[in-house]
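Per this note's numbering, the sequence shown starts with residue 15, numbered consecutively.
A virtual CB, placed ideally from N, CA and C, is assigned to each residue, including glycine.
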Amino acid sequence: MALPPDATARAARVRLMIFDVDGVLTDGGLLFTGQGDTMKGFNSLDGHGAKLLREAGIDTAIITGRKSEIVAVRAKELRITHLWQGVEDKRVAFAELLQQTGLAAGQCGYMGDDWPDLAVMLQCGFAAAPANAHPDVLSRAHWVSDKTGGHGAVREVTDLILRAQNQYDALLAAACSPQSPHEAHEAQAR
Numbered sequence: 015m016a017l018p019p020d021a022t023a024r025a026a027r028v029r030l031m032i033f034d035v036d037g038v039l040t041d042g043g044l045l046f047t048g049q050g051d052t053m054k055g056f057n058s059l060d061g062h063g064a065k066l067l068r069e070a071g072i073d074t075a076i077i078t079g080r081k082s083e084i085v086a087v088r089a090k091e092l093r094i095t096h097l098w099q100g101v102e103d104k105r106v107a108f109a110e111l112l113q114q115t116g117l118a119a120g121q122c123g124y125m126g127d128d129w130p131d132l133a134v135m136l137q138c139g140f141a142a143a144p145a146n147a148h149p150d151v152l153s154r155a156h157w158v159s160d161k162t163g164g165h166g167a168v169r170e171v172t173d174l175i176l177r178a179q180n181q182y183d184a185l186l187a188a189a190c191s192p193q194s195p196h197e198a199h200e201a202q203a204r
């Protein structure tokens with residue numbers, strides 16, 4: 015996969031990748047139970063991509079406007095430690111996140127799909143969008159996925175970041191290895 019040079023350079027500097035939920039980690043559809051609870055569907059490829067970022071030493075975060083227990087469950091499952099839900103102004107959560115991590119905005123990436131994401135996307139060093147994002151978001155993103163939200167867009171951006179940082183091949187080799195990651199680490203230590 016040939017990557018645009020600007021997007022590759024920007025992705026190479028990412029130390030923290032931030033995701034919106036509705037329309038990015040999910041397809042944006044909202045399903046409600048009779049009791050008013052929200053149900054969301056997540057893509058397992060996207061989730062594994064988030065785990066791979068963590069394995070590569072790249073931190074992950076979620077900043078979302080809606081509040082849902084299932085998002086907290088999914089974030090915990092993926093070991094995403096930075097979680098902001100029910101956020102009206104994502105700039106405030108982003109400022110807190112920068113303060114907590116000690117990172118500069120240029121070291122962060124953000125994947126969003128709609129207007130509430132734009133202010134943070136435009137501050138980050140790397141801004142990404144799923145293929146079905148709002149046209150105003152698509153036109154301002156440094157990189158646009160071929161995939162739609164909830165259908166592999168997150169995995170596509172995580173693969174791009176890992177390739178840009180020359181970590182993709184090593185992670186793939188470890189996945190193909192007959193040794194467990196622990197065994198491989200011990201073999202390297204010998």
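Grouping DSSP H, G and I as helix and E and B as strand, with all else coil, what is residue i?
| i | result |
| --- | --- |
| ALA16 | Because the pLDDT at ALA16 is just 49, under 50, the model does not fix this residue reliably, and the value given afterwards should be weighed accordingly. Here ALA16 sits in coil by DSSP. |
| VAL106 | helix |
| THR52 | strand |
| ALA23 | helix |
With respect to the beta strand (DSSP E) encompassing residue i, which residues constitute its N-terminal and C-terminal limits?
| i | result |
| --- | --- |
| LEU39 | Careful: LEU39 lies outside any beta strand (DSSP E) and carries neither H nor E. |
Name the one or two DSSP bridge partners that residue i has.
| i | result |
| --- | --- |
| ALA143 | VAL158 |
(message) Which complete alpha helix (DSSP H) runs does the stretch 148 to 200 hold, if anything under 4 residues is left out?
(response) 149 to 152, 167 to 178, 182 to 190
(request) Any chance you could list the alpha helix (DSSP H) runs of at least 4 consecutive residues sitting entirely within the stretch 55 to 140, in chain order? (result) 58 to 69, 83 to 91, 104 to 115, 129 to 137
(message) Below 8 Å, how does it come out for the stretch 78 to 92 and the stretch 60 to 68: are there three or more Cβ pairs, yes or no?
(response) yes
(message) For the pair the stretch 29 to 41 and the stretch 136 to 150, tell me if three or more CB-CB distances fall below 8 Å.
(response) yes
(request) Check whether the stretch 179 to 195 touches the stretch 73 to 84, counting contact only when three or more Cβ pairs, one atom from each stretch, lie closer than 8 Å. (result) no
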